[in-house]
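Scroll down for the structure; my scribbles are underneath it.
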Amino acid sequence: MYNISGDIMFNTEITSKVYQLKEMLLKSNEYLDVKEKERIMEEKCSDLLIKYNYLFNEYNEALRFVKYGSDVNMAQKKLEECKKELDNNKYVIEYRASYKNMNKKLKEIERIIFEGITINRYIEI
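Quick note on numbering: the sequence shown equals residues 239 to 363 in the working numbering.
Here it is, written out as structure tokens:
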């Protein structure tokens, strides 16, 4: 027998708990650390981030117009140099470490929630 009121109550309860979990995560030290590191990185590295985005777009344009003689190798070299500069920037390194830590926590939460629930055990969550 199908119990509509029970299903609605079950779904409402789960949804409520999920929103509570979301609020807890948004207030967690890990999340706040990621947001602070992101703010600092954007503040301290804004010129470098803008340069990278510009060079990334330039590289894509070079790829798009390669048959018309665009210099893909030069565009790629400039992009790689800027990426290396970003990868070695202390604020970017700190942000990535913080982001990685938060992502690790989220994966653990996801594992706990869905362990034993997923139908196909070969599907990675």
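Glycine included, every Cβ here is placed at the ideal spot set by N, Cα and C.
Check	Outcome
Three-state secondary structure (DSSP) of I355	coil
Run of the alpha helix (DSSP H) containing S266, from where it starts to where it stops	Element bounds for S266: n/a, residue is neither H nor E.
N298 versus M312, L287 and L286, residue with shortest Cα-Cα distance	M312
Inter-residue spacing [alpha-carbon to alpha-carbon] between S266 and L259	10 Å
Host alpha helix (DSSP H) of Y290 (start-end)	S284 to R302
Alpha-carbon spacing of K343 relative to E268, whole angstroms	8 Å
Alpha-carbon spacing of V304 relative to E296, whole angstroms	12 Å
Helix, strand or coil at N339 [DSSP, three-state]	helix
Three-pair Cβ contact test at 8 Å for the stretch 309 to 325 versus the stretch 250 to 257	no
Which listed residue (V330, V272, L301 and K273) has its alpha carbon closest to that of D285	V330
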